[in-house]
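**Student:** So that we are looking at the same thing, I have put the structure below in structure tokens.
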Amino acid sequence: MVYESIPRTVRILLLGEPGVGKTSLILSLVTEEFTEHVPPKAEEITIPADVTPEQVPTNIIDICVAEQTIEQVAEEIERAHVICIVFSVDRQETLNKVASYWLPFVRENCSDDYRKPVILVGNKIDLIDYSVIDNIWDIAEEYPEVDRCIECSAKSLINVSEMFYNAQKAVLHPINPIYCIEEQE
Ligand code: GTP
410 MVYESIPRTV RILLLGEPGV GKTSLILSLV TEEFTEHVPP KAEEITIPAD VTPEQVPTNI
470 IDICVAEQTI EQVAEEIERA HVICIVFSVD RQETLNKVAS YWLPFVRENC SDDYRKPVIL
530 VGNKIDLIDY SVIDNIWDIA EEYPEVDRCI ECSAKSLINV SEMFYNAQKA VLHPINPIYC
590 IEEQE
């Protein structure tokens, strides 16, 4: 069984299909307001310990597949402590890609005996009046590294800080056993 030691900073990486709102989520967190026009990729952001609920300095990293190579994205996965895979709740294809592409890609770039926690983030809930969480349970069952699922809106500022707080908690207080079950048996 391999446990990862608790880090002294938390590095949160946002992944997901283009246009799902990764950059908007980061900027909404930092500015506490929604900006319609955001850059393709947010600069790396460091949140000082004293303004995080867990009192741990936190780095937030955005990716933009149009601007980065696959190797650069893979490198960011290796450096991250927790990965938020964002999809857009009004575009089923972005949720399909979570299971068909992003979760396998994250696994490929984690060591075999330690799977980093993943948060599934359904953004843009301001656009729908139902929940898509029920569509996620099958994915979470297949990928036990999925630690939590959360629905949010960068536009309405719903659950934005909660999403980043959940990512911190997944690293600092893991609820899933973070080890490879196959290894244990
Ligand atoms: P890439 O840079 O292509 O990877 O996209 P991204 O995932 O960073 O998405 P981005 O933040 O650029 O947002 C894409 C579009 O969705 C923009 O027009 C945003 O204004 C819009 N958007 C982002 N979040 C929300 C949201 O919560 N609700 C709504 N209605 N629109 C949003």
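In this text, residue positions in the sequence shown follow the numbering used here: the first is 410, and each later residue adds one.
We put the beta carbon where it would ideally sit given N, CA and C, even for glycine.
With a CB to CB cut of under 6 Å and the five nearest residues on each side skipped, what residues in its chain are close to residue 572?
**Tutor:** As a working mapping, residue 572 is identified with position 163 in the sequence shown. The answer, listed in chain order, is 530, 559, 561.
**Student:** Within 10 Å of its beta-carbon, does residue 598 have 16 or more other beta-carbons around it, so buried, or fewer, so exposed?
**Tutor:** There is no way to answer for residue 598, as the model of the chain reaches only from 410 to 594.
**Student:** Taking 7 Å as the cut-off, is the CB of residue 482 close to at least one heavy atom of the ligand GTP?
**Tutor:** In the sequence shown, the residue the question calls residue 482 occupies position 73. Outside the cutoff, so no.
**Student:** Which of the three DSSP states is assigned to residue 580 in this structure?
**Tutor:** Within the sequence shown, residue 580 is the residue found at index 171, counting from 1. Here residue 580 sits in helix by DSSP.
**Student:** Since residue 600 sits in a beta bridge, which residues does DSSP pair it with?
**Tutor:** As shown, the chain starts at 410 and ends at 594. That puts residue 600 outside it, with no answer to give.
**Student:** On a Cα-Cα basis, can you pick out the residue from 574, 580, 539, 581 that is closest to residue 438?
**Tutor:** Your numbering for residue 438 matches position 29 in the sequence shown. Checking every option, the nearest Cα to that of residue 438 belongs to 574.
**Student:** Could you work out which residue in 528, 521, 427 is closest to residue 475 when comparing CA atoms only?
**Tutor:** Translated into positions along the sequence shown, residue 475 becomes position 66. Closest option to residue 475, Cα to Cα, is 427.
**Student:** Go ahead and label residue 520 buried or exposed: buried means 16 or more other beta carbons lie within 10 angstroms of its beta carbon, across all protein chains shown.
**Tutor:** Numbered from its first residue, the sequence shown carries residue 520 at position 111. Exposed, by the Cβ-count rule.
**Student:** Indicate the three-state DSSP secondary structure (helix, strand or coil) for residue 463 in the structure shown.
**Tutor:** Numbered from its first residue, the sequence shown carries residue 463 at position 54. Note: residue 463 maps to coil in three-state DSSP.
**Student:** Determine whether the beta carbon atoms of residue 541 and residue 504 lie at a separation below 8 Å.
**Tutor:** Taking the sequence shown and counting its residues from 1, the one referred to as residue 541 is at position 132. Taking the sequence shown and counting its residues from 1, the one referred to as residue 504 is at position 95. In contact: residue 541 and residue 504 (Cβ atoms closer than 8 Å).
**Student:** Assuming residue 463 contacts residue 581 under a Cβ cut-off of 8 Å, what Cβ separation, rounded to an integer in Å, is found between them?
**Tutor:** If you number the sequence shown from 1, residue 463 lands on position 54. If you number the sequence shown from 1, residue 581 lands on position 172. Contact flag correct, Cβ pair sits at about 5 Å.
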